[in-house]
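Beneath this line is the structure, given in structure tokens, with notes to follow.
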Amino acid sequence: MQRLEGKRSIVTGAANGIGRAIALRLASEGARVLIADLDEDAAGKVAAQARGEALVQKTDVTAASDVEALVGRAVSEWGGLDVMVNNAGVGVAGTALTTTEEEYGFVMDVCVRGTFLGMKYAIPALRDSGGGSVINMSSVAALVGIPDRAVYSAAKGAILAMTRASAIDHVGEGVRVNCIAPGTVDTPWVARITSGYDDPEEARANMQARQPHGRFVTPEEIAAMAAYLAADESASVVGACMIVDGGVTAR
Ligand SMILES: NC(=O)c1ccc[n+]([C@@H]2O[C@H](COP(=O)([O-])OP(=O)(O)OC[C@H]3O[C@@H](n4cnc5c(N)ncnc54)[C@H](O)[C@@H]3O)[C@@H](O)[C@H]2O)c1
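Residue numbering for the sequence shown follows my numbering, starting at 577 and increasing by one per position.
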């Protein structure tokens, strides 16, 4: 009997990086996984690599109709939902002075509205299934000051606060809401952030050096935490922020 046998799960932003690793890990532990992403082709490749049942749904997490349809698909295919991973997110490098209003809207929309909509539509389905687990993706940027991440930090701080508030709102219904705060994880996101600097290689080296354990966190290390939060053995973990950061916040 595998740890996640019988669990019906959705992972947003699962075509790449951390979301991809989470989808593959949940599937490898026996869960059924609905892979949701803007990039349908890449999502299809993840589904093909997954051990176990994996479906794909093209989804923009900022569109309520898409998120409603996503949850509806899981319920119609599987008769319910047990795990919702609100992972999709975007970041931009910048201070409050250098970030444009368009960048502000973009980051807040995908990260905060996307997580809000994910909870808004998934929690009733989790509740109707007898309870379940919501896993939101925050960041160490919510917990410590990181240079050049003003709006991204605000978005991830909002996710942390919304996680705690929602955990209290829904704990009585058997729905656990938690978040993960990764340090810097080596994904396509890192390359996009560093490409905004004059010297991308130097920016990459700096991101690595700020990790006290001297390396990037791997997507698989975040996926291991997500699998724990998805499993029943984390039943008393409610409203928590699970830090997987190589020591960044311990300094
Ligand atoms: N990489 C890091 O260092 C790091 C650190 C802390 C937190 N995070 C968070 O982890 C999550 C995943 O990051 P990643 O590094 O894997 O990023 P990534 O860019 O590698 O992957 C993100 C995925 O989300 C998808 N996506 C983007 N906008 C979307 C939308 N509107 N609707 C649906 N899908 C959308 C993309 O297509 C992509 O497949 C994000 O929330 C990010 O903020 C990342």
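Each residue gets a CB set at the ideal place from its N, CA and C atoms; glycine is no exception.
Distance between Ala672 and Pro723, taken at the CA atoms: about 11 Å. Inclusion of Asp615 in the 7 Å shell around ligand 1 follows from its C-beta lying nearer than that to a non-hydrogen atom of the ligand. Beyond the five residues adjoining it in sequence on each side, Gly606 comes within less than 6 Å, by CB distance, of Gln578, Leu580, Glu581 in the same chain, given in chain order. Taking non-hydrogen atoms of ligand 1 into account, the C-beta of Ala701 is found less than 7 Å away from none of them. The shortest C-alpha to C-alpha distance from Ser810 to any of Val753, Tyr680, Ser714 is the one to Val753.
Counting along the chain, the unbroken beta strand (DSSP E) around Val820 starts and ends at 817-820. Between Ile699 and Val688, the CB-CB gap reaches or exceeds 8 Å. Under the DSSP assignment, Ala806 falls in the alpha helix (DSSP H) whose first and last residues are 795-806. In this chain, the alpha helix (DSSP H) harbouring Arg740 covers 726-746.
Listed in chain order, the non-local C-beta contacts of Val632 below 7 Å within the same chain comprise Ile611, Glu616, Ala619, Gly620, Ala623, local neighbours out to five positions each way being set aside. Pairwise C-beta distances place the region 738-750 in contact with the region 804-819, as three or more of them are shorter than 8 Å. In this model, Ala785 and Gly721 are separated by some 16 Å (Cα to Cα).
Assignment of alpha helix (DSSP H) within the region 613-700, counting only whole runs of 4 or more residues, yields 616-625, 640-654, 677-684 in chain order.
With contact defined as three or more Cβ pairs closer than 8 Å, the region 676-686 and the region 647-659 are not in contact. For Ala664, the shortest C-beta to heavy atom distance toward ligand 1 is below 7 Å.
Per the C-alpha coordinates, the member of Ala650, Tyr804, Val824, Ala767 positioned closest to Arg791 is Val824. Here Val727 really is in contact with Val668; their C-beta atoms are around 7 Å apart, less than 8 Å.
When only Cα atoms are considered, Leu646 and Ile598 end up about 18 Å apart.
Annotation for Thr588: the continuous beta strand (DSSP E) segment containing it runs 584-588. Comparing alpha carbon positions, the residue from Thr674, Val686, Asn782, Arg627 closest to Thr588 is Val686. Between ligand 1 and the CB of Ile598, the shortest heavy atom gap is not smaller than 7 Å. Sequence-distant Cβ neighbours of Ala701 in its own chain, meaning closer than 6 Å and more than five residues away, are Val647, Val651, Leu657. Between the beta-carbon of Arg608 and that of Ser585 there is about 7 Å, and that keeps the pair under the 8 Å contact cut. For Asn712, the three-state secondary structure derived from DSSP is strand. Here Ile798 has Ile594, Ala597, Ile598, Ile756, Pro758, Val761, Val820 as same chain residues with Cβ atoms under 8 Å from its own Cβ, once five neighbours each way along the sequence are excluded.
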